[in-house]
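Okay, so here's the structure we're looking at.
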Amino acid sequence: MSIKEQETEGEEPVSPTAKLFSYPGLHVFNIVTFGLKIEVDPSTFVEGLKNTLINHPRFSSILLTGHGEGKGKAKWIPTKVKVEDHVTVPKIDPCIENPDEFLENYTSNMALSPMDMSKPLWEFHLLKLKTSHAEFVILARFHHSLGDGMSLMSLLLACTRKVCDPEAFPTFVAPKKSKEKNVCWSLVAWLLFLVRTIFNTCVEVFNALVFICFPRDTAIYLSGKPGATLSINKFIHRIIPLDDVKNVKNAMNMTVNDVVFGMVQAGLSRYLNQRYDLETTSDTRKALDKICHHGVVFFNLRPNKDIEDLANMMAKGSKCRWGNSIGYVLLPLWLKSEDDMLEYVRQAKTTMDRKKLSLEPLFSYGLLKLIMGFFGIKAVKNLLNRVFDNTTMIFTNVVGPAEKISFFGHQISYIAASSCGISQALIINVQSYVDKLIINLAVDSDVIPDPHHLSDLIIESLSMMKSAASEKICHAS
Numbered sequence: 001m002s003i004k005e006q007e008t009e010g011e012e013p014v015s016p017t018a019k020l021f022s023y024p025g026l027h028v029f030n031i032v033t034f035g036l037k038i039e040v041d042p043s044t045f046v047e048g049l050k051n052t053l054i055n056h057p058r059f060s061s062i063l064l065t066g067h068g069e070g071k072g073k074a075k076w077i078p079t080k081v082k083v084e085d086h087v088t089v090p091k092i093d094p095c096i097e098n099p100d101e102f103l104e105n106y107t108s109n110m111a112l113s114p115m116d117m118s119k120p121l122w123e124f125h126l127l128k129l130k131t132s133h134a135e136f137v138i139l140a141r142f143h144h145s146l147g148d149g150m151s152l153m154s155l156l157l158a159c160t161r162k163v164c165d166p167e168a169f170p171t172f173v174a175p176k177k178s179k180e181k182n183v184c185w186s187l188v189a190w191l192l193f194l195v196r197t198i199f200n201t202c203v204e205v206f207n208a209l210v211f212i213c214f215p216r217d218t219a220i221y222l223s224g225k226p227g228a229t230l231s232i233n234k235f236i237h238r239i240i241p242l243d244d245v246k247n248v249k250n251a252m253n254m255t256v257n258d259v260v261f262g263m264v265q266a267g268l269s270r271y272l273n274q275r276y277d278l279e280t281t282s283d284t285r286k287a288l289d290k291i292c293h294h295g296v297v298f299f300n301l302r303p304n305k306d307i308e309d310l311a312n313m314m315a316k317g318s319k320c321r322w323g324n325s326i327g328y329v330l331l332p333l334w335l336k337s338e339d340d341m342l343e344y345v346r347q348a349k350t351t352m353d354r355k356k357l358s359l360e361p362l363f364s365y366g367l368l369k370l371i372m373g374f375f376g377i378k379a380v381k382n383l384l385n386r387v388f389d390n391t392t393m394i395f396t397n398v399v400g401p402a403e404k405i406s407f408f409g410h411q412i413s414y415i416a417a418s419s420c421g422i423s424q425a426l427i428i429n430v431q432s433y434v435d436k437l438i439i440n441l442a443v444d445s446d447v448i449p450d451p452h453h454l455s456d457l458i459i460e461s462l463s464m465m466k467s468a469a470s471e472k473i474c475h476a477s
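Per UniProt numbering, the sequence shown runs over residues 1 to 477.
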């Protein structure tokens with residue numbers, strides 16, 4: 001059936017952001033890896049998708065971009081979905097010598113292969129592969145025009161259920177409620193919060209504008225080719241105990257996110273020093289300390305939705321707010337050589353606290369919409385390329401389920417997520433799941449030929465932080 005014949009009254013316009021992600025030369029994908037504890041029955045999995053995911057309007061529609069078609073209008077066209085066409089079950093040699101390496105190569109090939117735009121833009125690969133952390137692996141790829149990473153991950157989790165209660169949705173760690181204060185103190189605290197937010201917003205927005213107009217990041221060490229959108233070609237993930245991170249968090253009275261970002265900064269600093277031998281002399285060591293590196297962190301601007309709301313979107317075809325609603329902030333990286341490993345965590349907290357008390361994500365989102373409205377998608381693409389070409393990495397940290405869950409009856413061992421299609425040489429995604437922390441690296445192997453070594457250094461940095469935190473507690477007592 002041709003696209004014209006599939007057009008119905010149910011077609012919807014495509015948001016400018018979704019159109020951007022499908023712009024020629026800028027096809028961006030979200031990649032999700034599910035490690036499972038048991039082998040998956042393909043027919044059960046397909047049936048599960050039929051009852052959930054494809055009932056969501058975006059997963060049962062074709063994207064008509066309008067690029068090069070003369071019409072200029074992009075729209076979602078509802079279509080009849082044959083789920084089997086979106087599920088691949090490759091034949092894999094059960095005697096593979098290195099299944100972990102096979103998974104890495106398979107993920108890279110899947111992520112970089114073209115996606116058929118004449119079908120809904122999603123796919124699953126069921127791999128009968130026993131790795132170090134799973135008995136079976138499911139790989140999923142979603143075009144970013146379907147929605148941002150946070151909404152897509154939440155939607156997938158809405159398809160899962162608790163292992164201990166097969167009828168219940170996953171639960172997440174609830175934020176701690178602040179203690180009740182008297183009215184006067186609450187008013188003073190609110191005014192201080194308002195003043196700090198306004199001040200931080202002005203400072204951070206000014207710095208962001210200066211960076212965009214006069215990029216000064218050195219991306220001489222960790223940068224991809226300017227404007228390259230398919231630079232990411234290697235995906236790896238490592239799994240560590242979440243309790244190790246919490247031990248440092250509790251010792252320093254900080255957050256898990258502070259510790260994780262501190263680990264990343266420490267690992268990158270050590271990686272640069274070792275790779276470029278910058279520790280050999282004091283002059284070269286000082287040279288790295290003077291270099292200004294930045295990371296890009298994306299913020300979800302949509303009000304948090306309950307898992308139940310997302311489940312209703314699939315069950316009832318609800319058209320509540322969906323799509324891409326994300327802003328970004330530029331995060332200065334502390335990559336100086338430090339003898340005290342905990343200094344990386346302190347600097348991470350200082351930076352994160354300042355960013356949390358600013359409206360920079362809203363500003364970046366509004367700026368992109370403004371430029372798109374006045375100058376078009378090509379101008380936004382050039383702006384994003386300018387940002388990504390002159391930054392060192394993209395970093396995200398997502399809180400996952402606090403209890404063990406199953407995917408259509410198949411218990412999950414871990415979840416790892418990443419992205420590709422952005423002109424960036426290093427993307428680090430961190431995802432928690434029950435008592436595990438999954439660190440996922442997506443790299444350009446021409447820029448970072450040894451990503452396993454980089455991940456080792458990040459994890460070793462955590463071990464050094466644990467030791468330093470233990471010594472701190474002993475001295476305090």
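Ideal Cβ placement from N, Cα and C applies to all residues, glycine included.
- A residue is called buried when at least 16 other Cβ atoms come within 10 angstroms of its Cβ; residue 24 does not meet this threshold and is exposed.
- Under the DSSP assignment, residue 262 falls in the alpha helix (DSSP H) whose first and last residues are 256 to 275.
- Only residues of its own chain outside the window of five on either side were considered, and among them 125 have a CB closer than 6 Å to the CB of residue 88, listed in chain order.
- In the same chain as residue 199, and ignoring 5 residues on each side of it, no C-beta atom comes closer than 7 Å to its own.
- Residue 445 sits close to residue 233, with the two beta carbons spaced by under 8 Å.
- Annotation for residue 213: the continuous alpha helix (DSSP H) segment containing it runs 183 to 213.
- Residue 53 and residue 412 have their C-alpha atoms some 18 Å from each other.
- By the C-beta criterion, the segment 337 to 346 is judged not to be in contact with the segment 400 to 407, since fewer than 3 inter-stretch pairs fall below 8 Å.
- The beta carbons of residue 30 and residue 419 sit closer together than 8 Å.
- By the criterion of a C-beta distance shorter than 8 Å, residue 86 is surrounded in its chain by 49, 119, 120, 122, 123, 124, once the five residues flanking it on both sides are discounted.
- For residue 295, the closest alpha carbon among the candidates 392, 202, 235, 338 is that of 392.
- In chain order, 233, 234, 235 place their CB closer than 8 Å to the CB of residue 108, counting only its own chain and leaving out the 5 sequence neighbours on each side.
- Under the three-state reduction of DSSP, residue 239 is assigned to strand.
- Counting of Cβ neighbours within 10 angstroms places residue 33 among the buried residues, the total reaching 16 or more.
- For residue 136, the secondary structure class from DSSP, reduced to helix, strand or coil, is strand.
- With distances taken between CA atoms, residue 439 lies nearest to 245 out of 409, 468, 245.
- Judged by their CB atoms, residue 409 and residue 432 are not nearer to each other than the 8 Å cut-off.
- Ranked by Cα distance from residue 273, the first of 183, 369, 385, 453 is 453.
- For residue 301, the CB contacts under 8 Å within the same chain, skipping 5 residues up- and downstream, are 325, 326, 327, 361, 362, 365 in chain order.
- Bridge partners of residue 232 according to DSSP: none are assigned.
- Its chain contains 333, 334, 335, 344, 347, 348 as the residues whose beta carbon lies nearer than 8 Å to that of residue 265, once the 5 sequence neighbours on both sides are disregarded; these appear in chain order.
- In the three-state reduction of the DSSP assignment, residue 45 falls in the helix class, which pools H, G and I.
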